[in-house]
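Okay, structure first, notes after.
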Amino acid sequence: MRAIIPLTIDTDTLIASDVPTTDFIVWTAGTYNVNDERQYELVAYRALSTTTDRPDIGAAATPATWLRLGYINRWKMFNDGSDSKTSQLTKIEVDLQFTTLVNSVALFGLVGRDVTITVNDYSEGQVYQKTQDIIDIGVVDWYDYFFSDYNFRENLLFDDLPAYIGADIKIEIDAETGSPTACGRVICGALKDIGITEYNSSVRSVNYGKRSRDGFGNLILESQRIVRLVDFNVRIPTGVVSTVARTLDNLADIPTAFIGNATIDATVIFGVYRDFRINFSNPALSDASIEVEGF
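Under our numbering, the first residue of the sequence shown carries the number 1242, and numbering increases by one thereafter.
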C-alpha cells in the first residue's frame, strides 16, 4: 500500500490550461439581484438577495447574501472531490510545474479515451511520456468483445515519473472526436510506502440515495452520491510501525490518494481514512487494517 499526499495546485502551479474560464462573469463592485451569478477569484457564486457584498464575504455572512456554487470549470479538477468534474467537448490539456519533488500523478473521475502524461525538463528536454487507456473493454469471452458496451476506468495512476524538480508536467485527456472529456481530481506528489496490501482487503460502496414509498406503495428513488469505502489489510515491517503510525496520524484530515494495488482500479481511492489499527503480530511483520472513505 502506498499514498500520494496531494500538492497544492494554484495559479502559480498551473502554468497553462485549454479549459476556458468564461463560464461565469467576473464579479465587480456594484448591486446584484437574486439569482445573479458571478465569479470571484476561482469560485462561482449566486446572489440570494439584492446585495452589494463581495461574494466571498456575502457567502460567510448571517444571513448569507451569496451562495457558493463551487469552483469554476477549469479549477474543479484540482479541488474538492472526484464528483466535481472539469469537463469539455474536446481534449483537456494542462501544464503543471512544481518546486518540489513529483514522481506520481493519480487521476480520478475520468471520462474519455486515454490519458497521456509528458514530463519536460528545462535542460534535458522530454524525459518521460506515457499513455494509458481510460476505456476498459472488460471482456471475458468473444461475445462480450464484439457486443458488450465499453466501460470506463475511473481512476488512473502514473507512478513512475522521473524525479525532476521543476520540470513541466503536461496532462492530456483525450477522447474520440465529438465525445466529451472530464476529470474529477488530479493528484500530484511523491509516493509514500505504507506496507504490502494483502488479498483479503475489501471494497464496498455506500449509497446516499433515498428510497421511500408514496401513499399507494409506489417506490420513489432519489439518486444521490455513492461513496466508495476500501478496507485495506496491510502487512508492515514491525521495525517501522511507529513511522507508519505517525504518517497516518499526519494524514488524519488530509484527503490523500491511497493505492492498494496499482493494477486493481477499485483499490486506488482518493479520500481520508476513517480508522486504522496495527497489531504487533511478530518481530518481523505486523498486521494493519486501514479503512479509507472516498472524498
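Note that the Cβ used here is the ideal one computed from N, Cα and C, for glycine as well.
The structure displayed is predicted, hence computed values, not measured ones.
Exercise. What do you get for R1315, buried or exposed, if any count of 16 or more other CB atoms within 10 angstroms of its CB means buried?
Worked result: Counting of Cβ neighbours within 10 angstroms places R1315 among the buried residues, the total reaching 16 or more.
Problem set entry | Limits of the alpha helix (DSSP H) - the one that D1297 falls within | P1296 to A1301
For this session: Could you please give me the residues that DSSP links to S1446 through a beta bridge?
Result: R1469
For this session: Measure how close the beta-carbons of G1512 and C1424 come, nearest whole angstrom, since I'm counting them as under 8 Å.
Result: The C-beta separation of G1512 from C1424 comes to about 17 Å, leaving the pair out of contact by the 8 Å criterion.
Problem set entry | Sequence-distant residues of the same chain with beta carbon closer than 6 Å to G1450, five excluded per side | E1463, S1464 and Q1465
For this session: Indicate whether G1454 and D1528 have their beta-carbon atoms separated by less than 9 Å.
Result: The question names Gly, but residue 1454 in the sequence shown is Arg. No; because the gap between Cβ atoms is not below 9 Å, this pair is not in contact.
Exercise. Who does K1411 pair with in a DSSP beta bridge?
Worked result: D1336 and T1359
For this session: Would you mind listing the beta strand (DSSP E) stretches within the region 1505 to 1531 that are 3+ residues and don't spill past its ends, in chain order?
Result: Secondary structure in the region 1505 to 1531: the beta strand (DSSP E) runs of 3 residues or longer, each lying completely within the stretch, are 1509 to 1520 in chain order.
Problem set entry | Close-in-space but distant-in-sequence residues of the same chain around R1452 (CB under 8 Å, 5 per side omitted) | L1460, I1461, L1462 and E1463
Exercise. Alpha carbon to alpha carbon, what distance is there between G1299 and A1288?
Worked result: 9 Å
Exercise. Counting along the chain, where does the beta strand (DSSP E) carrying R1279 start and finish?
Worked result: E1278 to Y1281
Problem set entry | N-terminal and C-terminal residue of the alpha helix (DSSP H) that K1317 is part of | N1314 to K1317
Exercise. Is it right to say I1313 is buried, meaning 16 or more other beta carbons lie within 10 angstroms of its own, or is it exposed?
Worked result: buried
For this session: Please check the pair A1408 and D1362, which I expect to be a contact at CB under 8 Å, by giving their CB distance rounded to whole angstroms.
Result: With a Cβ gap of about 5 Å, A1408 and D1362 count as contacting.
Problem set entry | Rounded separation between L1470 and V1447 - CA only | The alpha-carbon atoms of L1470 and V1447 are separated by roughly 7 Å.
Exercise. Who does E1534 pair with in a DSSP beta bridge?
Worked result: L1470 and V1513
Problem set entry | C-alpha distance - T1340 paired with T1254, whole-angstrom precision | Computed Cα separation, rounded: 9 Å.
Problem set entry | Per-residue burial, P1261 [other beta carbons within 10 Å of its own, 16 or more giving buried] | exposed
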